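These notes are about the structure you will find just below.
Residue numbers (mature numbering (1 follows the signal peptide of the UniProt record, and there is no 0)): -23 to -1, 1 to 275.
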């Protein structure tokens, strides 16, 4: 069991896939997880497997992009860094929401719960194809960055999504949400009362809807009674207010298998770049250590 306080942890269709190997890694790109051929170009994933993968752990990873401009293949550098440590990684795409605040042409898309439903479908596909690709069904972890961190937490804590796929509620051995928002009502209010109130509508409501019921339903914090999976939660110095809000809520529960780490010296983009491209990253190392710690319990 581990509960660490913040101040102690400030660290200064079915389509044709393209398969190839780089530096002893096997990469399977653009695998459709909607196997009846009706999936969109976003309902795909890519897999990076370590050399001689057999019963290796799998990290399911969801990239960021405000639920609106996520590109799962932008996470391949991150995936390769982890595959080099012996962890298989799946980078998962999902259908996207409008984002006219970013680009007037991004005016069409889906709303919650389409994103997390897609994620649950991808998880089911990965679970069913474990033997084919050589990773273990019993060693699955999930994490994500920014909007992907929110989805990783939500799909574990709100059990209806895994339940709809007939997946075990204790499927994940660990959750690794990074720089996400975990109470969407708080997220919405922060924009509404901030310097860009229009983003409460153009961004948050475009993704989740405008009703309080929709915002509550989309919030991982709504389901804290389901806390059971060990968590490593990391935040950069830009969006730390949302992580601190989540931490305060977890501190009030009896659950104690979580750890919060704040990379306050890095911006939102800088943390993603460091974890994805730097030869060394203490935050990647923390994730690797967390995964190994949970595997040692099995």
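Cβ coordinates follow ideal geometry from the N, Cα and C atoms, glycine included. Every value quoted in this text rests on a predicted model; they were computed, and no experiment measured them.
Ranking 97, 226, 25, 216 by CA distance to the CA of residue 148 puts 97 first. Annotation note: the segment 35 to 69 contains the following uninterrupted alpha helix (DSSP H) runs of length 4 or greater, listed N- to C-terminal: 53 to 60.
Secondary structure note for residue 137: its alpha helix (DSSP H) is the uninterrupted segment 137 to 141. The count of Cβ pairs closer than 8 Å, one atom from the segment 204 to 212 and one from the segment 263 to 271, reaches three, so the stretches are in contact. Annotated three-state conformation of residue 224 is helix, per DSSP. In the three-state scheme derived from DSSP, where H, G and I count as helix and E and B as strand, residue 9 is classed as strand.
Its Cα nearest to that of residue 137, the residue 93 stands out among 8, 22, 93.
Cβ-Cβ distances below 8 Å link residue 244 to 213, 214, 215 in the same chain, with the five nearest sequence neighbours on each side left out; the list follows chain order. Inclusion of residue 165 and residue 177 in the CB contact set at 9 Å is warranted, their separation being smaller than that value.
For residue 169, the enclosing alpha helix (DSSP H) stretches over residues 161 to 169. The Cβ atoms of residue 70 and residue 106 lie no closer than 9 Å to each other. In this structure, residue 99 places its C-beta atom within 9 Å of the C-beta atom of residue 37. Taking C-beta atoms as the reference points, residue 68 and residue 25 count as a pair closer than 9 Å. The Cβ atoms of residue 27 and residue 116 lie no closer than 9 Å to each other. Three or more beta-carbon pairs separated by less than 8 Å link the segment 188 to 203 to the segment 124 to 137, which places the two stretches in contact.
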